[in-house]
Amino acid sequence: FLETGDKRYLARDPELADDAWLEKLRGILRDGMKEYKLFRPLAWYLADESSLTAYGDPLDLSWSDIALKKFREWLKTRYPSLSLLNAEWETNFANWDDVIPLTTAEAQAKGNYAGWMDHRTFMEEVFANALQVAAETVKQEDPGSRPSISGTQVPGPSNAVNWYRLDQIVDYLQPYSGGDQDDLHRTMRPGLILTGFTGYQDHGKVLRHQLWHRLFHGHTGASL
Numbered sequence: 002f003l004e005t006g007d008k009r010y011l012a013r014d015p016e017l018a019d020d021a022w023l024e025k026l027r028g029i030l031r032d033g034m035k036e037y038k039l040f041r042p043l044a045w046y047l048a049d050e051s052s053l054t055a056y057g058d059p060l061d062l063s064w065s066d067i068a069l070k071k072f073r074e075w076l077k078t079r080y081p082s083l084s085l086l087n088a089e090w091e092t093n094f095a096n097w098d099d100v101i102p103l104t105t106a107e108a109q110a111k112g113n114y115a116g117w118m119d120h121r122t123f124m125e126e127v128f129a130n131a132l133q134v135a136a137e138t139v140k141q142e143d144p145g146s147r148p149s150i151s152g153t154q155v156p157g158p159s160n161a162v163n164w165y166r167l168d169q170i171v172d173y174l175q176p177y178s179g180g181d182q183d184d185l186h187r188t189m190r191p192g193l194i195l196t197g198f199t200g201y202q203d204h205g206k207v208l209r210h211q212l213w214h215r216l217f218h219g220h221t222g223a224s225l
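When you read off a place in the sequence shown, starting at 1, and then add 1, the result is the number in my numbering.
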């Protein structure tokens with residue numbers, strides 16, 4: 002996309018807005034859990050270092066036909082009429098099927114970010130819904146267990162990492178601390194089990210500071 006500007010390259014694969022793929026995800030989880038349920042693990046990892054893009058890469062995913070169709074339906078719940086959307090976006094779409102969001106570059110050039118921001122908010126919900134599907138599947142297969150994600154990413158407008166949404170879905174995080182995440186997780190869902198990933202290149206005073214900082218922000222252990 003960066004080389005060509007062709008938005009067909011902004012279609013995400015797998016497409017998290019695709020109901021058929023979400024059903025496939027349920028099957029993957031059920032199959033993967035079968036031989037381990039007997040051991041009642043502390044938590045089930047759903048993903049590591051995950052985001053809508055790759056980490057924080059600034060790509061305006063997703064422009065697949067499935068995602069755009071659902072986006073238009075989502076817009077109808079936010080705008081009572083197409084004329085109101087046109088007024089907010091400063092557009093003149095003739096019908097709902099013509100509605101297309103803006104990329105970052107297009108919104109910057111236009112000076113009106115509504116058509117970009119609505120798409121980004123919608124994709125946050127798509128990403129959170131995929132995590133919700135995975136978490137619910139884990140709890141159905143192993144009642145009383147904890148769905149978890151690790152290697153948590155810094156929030157950004159492109160990666161759909163909205164910690165208020167995501168922290169309500171999982172019951173245990175092994176997070177990083179970048180982007181003031183210790184403050185975010187502590188305030189977004191008090192009591193969420195946190196054991197941040199620790200070590201890597203840090204040692205000495207830096208590592209001790211990290212451990213004490215996390216303790217004061219509600220971490221109850223460290224993942225080494």
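Idealized CB from N, CA, C, for every residue including glycine.
Nothing here was measured: the structure is a model prediction, and the numbers come from that model.
Using three-state DSSP, classify residue 49 as helix, strand or coil.
The answer is strand: DSSP assigns residue 49 an E or B state.
Work out the CA separation of residue 92 and residue 139 for me, nearest whole Å.
Spanning the alpha carbons of residue 139 and residue 92 requires a straight line of approximately 43 Å.
Please classify residue 38 as buried or exposed, where buried requires at least 16 neighbouring CB atoms within 10 angstroms.
Classification of residue 38: exposed, given that the 10 Å Cβ count is below 16.
What runs of the alpha helix (DSSP H), each 4 residues or longer, lie entirely inside the segment 2–58?
With a minimum length of 4 residues, the continuous alpha helix (DSSP H) runs that stay inside the segment 2–58 are 20–34.
I'd like to confirm the pairing. Which residues does DSSP put opposite residue 194 in its beta bridges?
Paired residues: 173.
Below 8 Å, how does it come out for the segment 11–20 and the segment 64–81: are there three or more Cβ pairs, yes or no?
Yes: the two stretches touch, three or more of their Cβ pairs being nearer than 8 Å.
So, residue 76 versus residue 20, is the Cβ gap smaller than 8 Å?
Not closer than 8 Å, so no.
Where does the unbroken alpha helix (DSSP H) through residue 84 begin, and where does it stop?
83–90 is the span of the alpha helix (DSSP H), which, as asked, contains residue 84.
Do the CB positions of residue 213 and residue 143 come within less than 8 Å of each other?
Not a contact, by the Cβ cut-off of 8 Å.
Per DSSP, what kind of secondary structure is residue 150 in: helix, strand or coil?
In the three-state DSSP reduction, residue 150 falls in the strand class (E or B).
For the candidate residues 199, 205, 78 and 160, whose alpha-carbon lies nearest to that of residue 222?
Sorting 199, 205, 78 and 160 by C-alpha distance to the C-alpha of residue 222 places 199 at the top.
Can you tell me whether residue 192 is buried or exposed? The criterion is at least 16 other CB atoms within 10 Å of its CB, across all chains shown.
Under a 10 Å Cβ-count criterion, residue 192 is classified as exposed, with fewer than 16 other Cβ atoms of the shown protein chains found around its own Cβ.
Alpha carbon to alpha carbon, how far is residue 5 from residue 54? Give it in angstroms, no decimals.
Residue 54 and residue 5 have their C-alpha atoms spaced approximately 18 Å apart.
Thinking just about the alpha-carbon of each residue, which of 132, 177 and 176 is nearest to the one in residue 170?
Comparing Cα-Cα distances from residue 170 to each of 132, 177 and 176, the minimum goes to 132.
Which first and last residues belong to the beta strand (DSSP E) in which residue 222 is found?
Under the DSSP assignment, residue 222 falls in the beta strand (DSSP E) whose first and last residues are 222–224.
Beta carbon of residue 1 nearer than 8 Å to that of residue 164:
It is not possible to answer for residue 1, since the shown part of the chain is limited to 2 through 225.
Residue 122 - DSSP class collapsed to helix/strand/coil
The answer is helix: DSSP assigns residue 122 an H, G or I state.
Rounded separation between residue 161 and residue 179 - CA only:
Those two C-alpha atoms are separated by around 16 Å.
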